[in-house]
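Numbering (our numbering), first residue to last: 574 to 1294.
All residues carry an ideal CB built from backbone N, CA and C; glycine is no exception.
Below is one structure, written out as structure tokens, with a few remarks after it.
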Amino acid sequence: MGGTASTPRPDARPEEHRDYLLGAMVGGRIYDLSSSFWEKLLLLPPAFEWSVERVNEAGALLAQNNLQTRHFPKLLVHLVWSIQEVTASPGSKSSAVKVINATYFSRVFLKYLIENSSSSFSSHLVLHISDHDAGISKLPEGDLNVPSLVLHGLLTFIGASDINPYTYMLHLELVNLLLVMMSTQLYSPMSAGFHPFLDAAIAQESYVVGPFIRKLLLSFIARTPLPSEAAYYGTQDKETGVIRKMSSAAATVFMLPYYTYTYLLSPGSDRFSKFPLADNSLLLLLVLVHYGKRTHVTPLDNDVEPCTENLAVGLHNPFRRALSSSRDTDFDIADIEQAGQGVRIPFAALFDRLGPGLTEDATILLLYSLVHGNPAFLEYVLVRTDLDTLIMPVLEMLYDVQKRTPNQIYMLLVIFLILSQDSTFNASIHKLALLQILPGVSWYKERLLPGISLGSLMVVILIRTVKFNLSKLRDLFLHTNCLAILANMAPHMHQLNAYASQRLVSLFDMLARKYKKVVDANINVKVAVAKLGQVEGFEASEDMPTELHIYTDFLRIVLEIINAILTYALPRNPEVVYALLHRQELFQPFKEHPRFYELLENIFNVLDFFNVRMDDQQSNAEWSVEKVLQIVIANARSWRGEGMKIFTQLRFTYEEELHPEEFFVPYIWQLVVDQRNIDWNLDMISLFPARSQVEVRKLSIFEQSSANAKSFLLAAWRRPC
């Protein structure tokens, strides 16, 4: 066999021990569950590899014979037993070899069956336990629920076992195996997909799911790199086709041989993560948390409350529940007893890990899942005094908006919208001056921003995002989310700096010009219609009135933002007053507009008040910025708001759609495929277009499923009636 892989042949001679056993595994001869054959197969030396072509040959043979032999479900049962054995005897080399082989064989053959037998996949999992096997194995006689048995075993082992240099690779491959088990979503339509392992996963009891979710989160937090003994070169030897490995003499059976298996089917990959366990654990967590089945699910837990109407359509998900009910490890013990036993996570370490990782989509999705679904974590974030740790990376991402996918932009804005629903957050960000942390904002290139507050920087970046959207994307949902965040922030703005105040007024100017352009175009269309009458072939655009209404709504929201600042926070925002005085002519054309006049009455009331005070200060000297600002500051103290109409405070809240999985599932699975730790068959993917690994990285989910994204984001903001 030498340095190259051999094809497992059913007719191989017994002397060719490895080929013979592997050939028997995929061949037509039936071996009972209790046969000694399985012990011999799983004790094979694990240091060998197959090419993709030979794996496909073996997979085709297994698919052909498995419905008679039932070797694949038997292999899965032996995987569970090998996990139990290695748990009971952690120092046993033979137990380690068996779990290594069982995990690897299961992943390779399961992946082939999912990709190539989608219509008949469920039939490959059927296993009937005979009276003879039941007596030996202690399994119940009759049809065995193999997916449930395997999921229970894998989740229990991962949740209960420690991760260290000797078990790292085993945990990684078990996580990879679970990703393959869940990958039925990749190859079947969402509305009619059959997902036996996913369904078995969400039927697991809370005492199994909780520790498992905790371990995935701890792996993400720890971000442990590959053990040094498992280092490798990500290139192929052209002559032998063998991926070259580096190892130390101290490499254990859990490390180097297992690593040989793990990256066997990813030849030539140049994008291997340095932290594969952390990255894949996070992806697996997202896959499980955002799985939503639209049929009634009866949980196995006895302590679960009766299903509501929402649960009946698929919102029962124990992984989502475990994530949303997790509590800080520093949670008060009395509160813990009152809240019941749940997942305990170090929120401080999680918070510190999230900020630097927000350049990655998966981390953004985790942050969204936490602030939207976990009230305890949201509260923890809101009371942190170093909010810049989390907010600054998001702002920098939005600053480089042209480099971001629509999905990234949307999720970041939804996170901001959720945070902005809290008045404490809106007040805190204006009290945190970045000068206390950094000399400025180094990544903001348009101008220096020394001493700017976090709140003022948020205003600047959000308005900049709107401006980019107006000129490039023209996306309604991006506009609405940006304006909704600004509206939530408005009553709490404190010492908004000069640049942010100018940008706020320029936002009105920008939208006003767009509005006027649409109005003029609408008038021209009406004139053309009147002139052309019933001329054949002429059709007036039906989108024009809709666009006019949209920009009317946008202008009104901006006016409400300005009005909220003047009504609730004028003395604290002299720069806003100065910016309004400087460009007060912008508002004159809209003074009589039926949608705007009430709001503009308040704005002109403020302008008149300060114009009079400035007239009282007339002198022969030229007006300077400093002098005008001094007058504004001096008179802002005496401002009492006489004549101001009090409007209902504008407040937007985030609501998730009834079936958010239509947005999240394709999004998350594209991230899994793009990770390239597993060599997915791109030609078979039906969840989203995937033609090549390079193209997958370039494609935007927004282009692939914009309707789903827009449906999800349509619920991203709601204003009071």
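Nearest candidate by alpha-carbon position, reference residue i, set the options
| i | options | result |
| --- | --- | --- |
| S898 | S854, A949, F920 and A675 | A949 |
| S607 | K711, L923 and G930 | K711 |
| L990 | F682, L1059 and D852 | L1059 |
| A633 | A935, S668, S667 and H697 | H697 |
| L992 | L960, E1019 and E969 | L960 |
| F767 | F1220, A707 and S691 | S691 |
| A774 | L790, P800 and V719 | V719 |
| L1132 | F793, F1169, I1096 and R977 | F1169 |
| Y864 | A921, A776, N947 and R900 | A776 |
| W1016 | I988, I1036 and M965 | M965 |
| Y1141 | P1064, K866, T1226 and L1153 | P1064 |
| D555 | P979, F920, F1160 and F1127 | The displayed coordinates of the chain run from 574 to 1294. Any statement about residue 555 would go beyond what the structure contains. |
| K1045 | T1221, R977 and K666 | R977 |
Between the CA atoms of residue j and residue i - distance to the nearest angstrom
| i | j | result |
| --- | --- | --- |
| T1038 | I1130 | 16 Å |
| I603 | K647 | 11 Å |
| T997 | L955 | 7 Å |
| V1091 | Y1240 | 35 Å |
| E658 | L1030 | 57 Å |
| I1176 | L1139 | 8 Å |
| Y1124 | T902 | 48 Å |
| I1297 | D1093 | Not covered by the structure: residue 1297. The range shown for the chain is 574 to 1294. |
| Y677 | E626 | 17 Å |
| G1216 | L985 | 39 Å |
| L1077 | F785 | 47 Å |
| N1054 | P1233 | 17 Å |
| H523 | F682 | There is no way to answer for residue 523, as the model of the chain reaches only from 574 to 1294. |
| P891 | M755 | 16 Å |
| L971 | H1122 | 27 Å |
| N737 | P798 | 11 Å |
| R957 | D925 | 11 Å |
| Y741 | V1245 | 20 Å |
| S1079 | L951 | 33 Å |
8 Å Cβ cutoff met for residue i and residue j
| i | j | result |
| --- | --- | --- |
| Y685 | S1259 | no |
| V944 | R893 | no |
| V1014 | Y1072 | no |
| R787 | I918 | yes |
| Q1248 | F1261 | no |
| V1205 | Y1151 | yes |
| V653 | L728 | no |
| G1024 | A1000 | no |
| G930 | L963 | no |
| N1250 | P849 | yes |
| A675 | L615 | yes |
| L771 | T757 | yes |
| P713 | I702 | yes |
| N1208 | F1183 | yes |
| G783 | G946 | no |
| I988 | Y953 | no |
| E1148 | L1049 | no |
| Q981 | Y1227 | no |
| A851 | F793 | yes |
| L717 | L743 | no |
Residue i in three-state terms, based on DSSP
| i | result |
| --- | --- |
| I603 | coil |
| T1226 | strand |
| I702 | strand |
| G632 | helix |
| G1028 | helix |
| L717 | strand |
| A1006 | strand |
| R591 | helix |
| T1221 | coil |
| S1273 | Low per-residue confidence applies at S1273: pLDDT is 35, beneath 50, and the placement is therefore not dependable, though the value from the model is reported in the following sentence. Three-state DSSP puts S1273 in coil, outside helix and strand. |
| E1234 | helix |
| W1253 | coil |
| N689 | helix |
| E1195 | coil |
| D973 | coil |
| R1076 | helix |
| D1189 | helix |
beta-carbon residue i near the ligand FAD non-hydrogen atom, thresh 7 Å
| i | result |
| --- | --- |
| P784 | Among the ligands in the structure shown, none appear at all, so the ligand FAD cannot be discussed. |
C-beta neighbour in chain B for residue i, strict 8 Å
| i | result |
| --- | --- |
| H1052 | Although the question refers to chain B, the structure presented lacks it and comprises just one protein chain. |
I'd like the ranges of any alpha helix (DSSP H) spanning at least 4 consecutive residues and lying wholly in the region 886-954. Runs of the alpha helix (DSSP H) inside the region 886-954: 891-897, 906-912, 920-927 and 934-946.
Where in the region 1136-1166 do unbroken runs of the alpha helix (DSSP H), each at least 4 residues long, occur, reported from the N-terminal end onward? 1147-1155
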